[in-house]
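Structure first, then comments.
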Amino acid sequence: RAPEKGTQLFLGGLSAADMATRCSLLRVLGRLGGEKALQVVTADTKSADTAVKDAAVRALMEWPDASAATELLNIARGTETLAHHVLALRGGVRLVVASERPPQEKTRFYKDAMAAARRPEDKKLVIAGLANERSVEALNVVAEHLGDEALRTEAALAVVKMACPPDAKTPGLRGADVSRALRKALDAVADATLREQVKKYLVSITADELNVALNKPVKTSVGHQGNYKPELAVDGKKDLGSAWWGPTTPSWLQVDLGQPVTVNAAHVTFYWDAKRYYQYRVDVSLDEKEWKTVVDESQTTALSTAEGFAHQFAPAQARHVRVHVLKNSANPGAHIVEVRLLAAEDVK
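In terms of my numbering, the sequence shown is residues 11 to 358.
Have a look at this one:
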């Protein structure tokens, strides 16, 4: 209530104020906020007096909450003054970024702001706001600008930030739109480490839809334990209850793709309990006589997780794919939860 009383006091002083005083009062109202103040300040953005109009725009830009965002966007759309366009657009984005608005409302605002922005540097600011929204809808807005040379780098980095998991506990975005956007963004990502992270994530999300090993015939070098049969390692389920358990290591599981396929990605998931690692190798062959190693993790000590391990490699012709389990750090068994393989044309 104290801020409301202060607002009323300053509003009351506006009617008798000269232009210079009015400009000062507008700046104060911009810091206090409130519905009545918003109405008055918004009206003054249309003032015939240049100084008053400027003070009103700047007051809205400093508003304490997002209630002024729509008015700022309207100014950005309609003003012929570049300074006011820039101030209004940036002020609106700042308010929405800091607000508790629902994600869909934020995305709608950013989409409108992107359409209103006139300069690349202002569009980049909107993209930075969108990058905080982890939704396919927001990602699609950014992805529209991956072909714009002036925005390409910022759009690509935003797509990566929005789509990829930020940490081990938070899932990333999935789906056809996400895959397309990440593939397109890859060309604009200069950092080699980040590119590899994106490639691995692409393998993991596209493998579900484009897995050429799904339900293909399998055989193993050893038997299986209990009901943990070899075919469960290619049934599309990343479930600890649906896996092949071989009694000893080293041993292997082999997938018959049925015909020669050019593959360039593999995703292997082992039993996980946050305590063990598996050392392994993936080989490919056309005739089961000559084999080529495409993945060599024979020295890894990375703990097995539910996410599994995604690998991309140079395209290789294969009909037969063999996953060698060389070592289990916890016990002698080989435990493959799922093997997924992608054709080269599906991962680029």
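All C-beta atoms, glycine included, are put in the ideal place defined by N, C-alpha and C.
Bear in mind that the values here come from a model prediction, so they are computed numbers and not experimental data.
- If you look at Gln327, you'll find it isn't in any alpha helix (DSSP H); it sits in the beta strand (DSSP E) that goes Phe319 to Asn338.
- In this structure, Ala86 sits away from Leu149, with a CB-CB distance that is not shorter than 8 angstroms.
- Here DSSP, grouped into helix, strand and coil, assigns Asn237 to coil.
- When C-alpha distances from Ala316 are compared across Arg104, Glu298, Gly246 and Thr279, the shortest belongs to Thr279.
- Here Thr216 really is in contact with Leu352; their C-beta atoms are around 6 angstroms apart, less than 8 angstroms.
- Excluding five sequence positions before and after Ala320, the CB atoms of its chain that fall closer than 6 angstroms to its own CB belong to Lys210, Val213, Ser214 and His277, given in chain order.
- Contact between the stretch 245-264 and the stretch 300-310 is absent, with fewer than three C-beta pairs closer than 8 angstroms.
- If you look at Ser295, you'll find it in the beta strand (DSSP E) that goes Tyr288 to Ser295.
- Per DSSP, reduced to three states, the secondary structure at Val232 is coil, with no helix or strand assignment.
- By a beta-carbon distance limit of 8 angstroms, Thr55 does not contact Ala47. Their separation comes to about 13 angstroms.
- A straight-line Cα-Cα distance of about 10 angstroms links Cys33 and Leu39.
- Linking Thr230 to Glu147 through their CA atoms gives a straight-line distance of about 44 angstroms.
- When rounded, the separation of the alpha-carbon atoms in Phe323 and Ala125 is 40 angstroms.
- If you compare the alpha carbons of Val331, Asp187 and Arg100 with that of Lys299, the shortest gap goes to Val331.
- Partner residues in the beta bridge of Ala275, as assigned by DSSP, are Gln322 and Leu352.
- Taking the Cα positions, Ala275 is about 14 angstroms away from Glu348.
- Using a Cβ distance threshold of 8 angstroms, Val273 and Val294 count as a contacting pair.
- For Asn221, the beta-bridge partners assigned by DSSP are Leu352.
- Boundaries of the beta strand (DSSP E) harbouring Thr303: Lys302 to Glu307, taken from the DSSP string.
- Listed in chain order, the alpha helix (DSSP H) elements of length 4 or more contained wholly in the stretch 119-182 are 130-140, 146-153 and 162-173.
- Each of Ala186, Leu250 and Asn225 was checked against the Cα of Asn237, and the nearest Cα belongs to Leu250.
- Here Phe119 has Val106 as same chain residues with Cβ atoms under 6 angstroms from its own Cβ, once five neighbours each way along the sequence are excluded.
- Residue pairing by DSSP places Ile346 opposite Trp254 and Phe280 in a beta bridge.
- Membership of Ala243 in any alpha helix (DSSP H) is not indicated, and neither H nor E is assigned to it by DSSP.
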